[in-house]
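Chemist:
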Amino acid sequence: MERIRRNLGSIHTASARQCLDSLLLKLTNMMSREEVENLLQFSPPRDSTDLAMWEVILAMPRTLERVLSIMMEDLPLRYWYTAVTKDTCIRRLAMLAQNHISEEDFGNPVHLQSYLRHLIPMMRFLVLKGLCTVSESPEKARKIQVLLPDIVEALQDTNTDVVLKALPVLRNVMAHVERWKDSGLALQLAEKLLPLFDHASSQVQEHSICLFQAVVEAVLRQRTKKMKRTVHRSLLPLYVHMRDQSESVAKASGKALAVAAEFLRCKELKRLAQTEQTWRIGECLLQQDRGRVEEYLQQSQPYLKATQTLLRLEAVRFIGLAARYCEDQSEEKLNEILSGE
53 MERIRRNLGS
63 IHTASARQCL
73 DSLLLKLTNM
83 MSREEVENLL
93 QFSPPRDSTD
103 LAMWEVILAM
113 PRTLERVLSI
123 MMEDLPLRYW
133 YTAVTKDTCI
143 RRLAMLAQNH
153 ISEEDFGNPV
163 HLQSYLRHLI
173 PMMRFLVLKG
183 LCTVSESPEK
193 ARKIQVLLPD
203 IVEALQDTNT
213 DVVLKALPVL
223 RNVMAHVERW
233 KDSGLALQLA
243 EKLLPLFDHA
253 SSQVQEHSIC
263 LFQAVVEAVL
273 RQRTKKMKRT
283 VHRSLLPLYV
293 HMRDQSESVA
303 KASGKALAVA
313 AEFLRCKELK
323 RLAQTEQTWR
333 IGECLLQQDR
343 GRVEEYLQQS
353 QPYLKATQTL
363 LRLEAVRFIG
373 LAARYCEDQS
383 EEKLNEILSG
393 E
């Protein structure tokens with residue numbers, strides 16, 4: 053098991069990973085009860101490699117049932133279940149992870165809140181993995197509403213795997229539940245998504261931008277002042293990421309920018325985003341709202357230190373354009389912005 057863990061991160065070929073996954077499942081099924089207990093006690097997930105191993109182990113009903121049955125008996129749970137009592141909630145979690153849970157067994161998902169707030173990333177990851185599947189059901193998605201504040205908070209998790217599981221759960225609930233738009237959650241969700249546009253993971257970037265687009269589309273007829281401010285804050289990042297080296301992120305950014313422009317009733321900006329005229333979007337932003345030039349300058353400053361060359365170049369180009377609209381800005385101040393200080 054330890055050798056698999058050490059080498060898993062360096063194996064990227066699909067066929068090799070499948071062989072390794074099969075070996076991992078066979079080893080788990082061959083283990084004695086004592087060995088499984090040792091695995092649970094002394095190998096709590098530490099990083100994405102550990103999480104990948106546990107996702108394989110818990111993905112198969114037979115292996116999952118065996119592991120969780122041991123977890124639910126006399127095993128000391130201090131590594132995995134700190135401050136969580138050993139009750140029917142664990143059984144519900146087991147069924148949830150197997151994706152076989154019935155309406156009756158699903159019950160009131162409020163019991164899952166403790167797992168979403170758990171200190172161990174694996175627990176947060178596991179419950180979100182299960183919720184990702186069951187939230188595809190309209191009936192279960194409506195019941196999950198009670199967990200939405202905790203799932204939204206999971207977007208700030210320091211563990212990328214947890215964030216990646218939270219995003220599709222939120223997307224599924226949005227698709228099946230109408231009332232969330234009137235609860236103020238739309239604004240809260242939109243605000244939590246904005247920082248993810250610059251996440252280290254391109255997958256998180258793409259999925260957060262797509263979810264932001266869906267949120268804005270859902271509230272096109274509910275143009276509150278607070279939501280307008282949030283959508284305005286999305287324009288510069290989305291414009292810059294249209295030049296992202298990840299094609300999927302760039303495409304998602306263009307589509308989201310077009311929807312944001314529609315929300316703000318900026319027809320020219322929407323047209324430029326739809327036709328991917330990136331070189332004209334920066335000037336359009338500056339011309340349509342000169343009162344936001346300084347805000348745009350502040351937003352563009354972090355991109356001067358971006359790891360991607362194209363994003364740095366776009367930021368420099370935009371700041372050069374913006375300087376023409378900054379009549380009240382001193383040369384010293386503009387140099388300070390350009391130097392990223």
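Read in the working numbering, the sequence shown has 156 at position 104, and its numbers run on one by one without any break. Think of the CB as a built atom: it goes at the ideal place given N, C-alpha and C, for glycine as much as any other residue. Since we're looking at a predicted model, the values are computed, not measured.
In three-state terms, what does DSSP make of Glu243?
Modeler: helix
Chemist: Taking a contact to mean a Cβ-Cβ separation below 9 Å, would you say Val88 touches Arg114 in this structure?
Modeler: no
Chemist: So for Ser253, helix, strand or coil by DSSP?
Modeler: coil
Chemist: Hey, out of Glu188, His163 and Ala218, whose CA is closest to Pro173's CA?
Modeler: When the alpha-carbon of Pro173 is set against those of Glu188, His163 and Ala218, the nearest one is in Ala218.
Chemist: For the alpha helix (DSSP H) that Thr282 lies in, which residues bound it at each end?
Modeler: Lys277 to His293
Chemist: Any idea if Val229 is buried or exposed, counting beta-carbon neighbours within 10 angstroms, 16 or more meaning buried?
Modeler: buried
Chemist: Taking the alpha helix (DSSP H) that Ala313 belongs to, which residues open and close that run?
Modeler: Per DSSP, Ala313 belongs to the alpha helix (DSSP H) from Glu299 to Phe315.
Chemist: Mind checking whether Leu77 and Ile109 have CB atoms under 9 Å apart?
Modeler: At a Cβ-Cβ threshold of 9 Å, Leu77 and Ile109 count as neighbours.
Chemist: Looking at C-alpha atoms only, which residue of Gly182, Ser189 and Asp202 is the closest neighbour of Gln165?
Modeler: Asp202
Chemist: Give the list of continuous alpha helix (DSSP H) stretches no shorter than 4 residues that lie fully inside the region 162-188.
Modeler: 165-168 and 173-186
Chemist: So, at 6 Å on beta carbons, what are the nonlocal neighbours of Thr282 in its own chain, with the 5 sequence-adjacent residues on each side left out?
Modeler: Ala242 and Glu243
Chemist: In chain order, what residues of the same chain have a beta carbon less than 6 Å from the beta carbon of Lys211, not counting five sequence neighbours either side?
Modeler: Note that residue 211 is Asn in the sequence shown, not Lys. So the list reads Pro173, once near-sequence residues are dropped.
Chemist: For Ile333 and Gln70, I'd like the C-alpha separation in whole angstroms.
Modeler: 45 Å
Chemist: Nearest CA to the CA of Ala312: which residue from Val301, Arg285 and Gln329?
Modeler: Arg285
Chemist: Comparing C-alpha positions only, which one of Ala206, Ala68, Glu191 and Asp341 sits nearest to His170?
Modeler: Per the Cα distances, Ala206.
Chemist: In three-state DSSP terms, what is Ala358?
Modeler: coil
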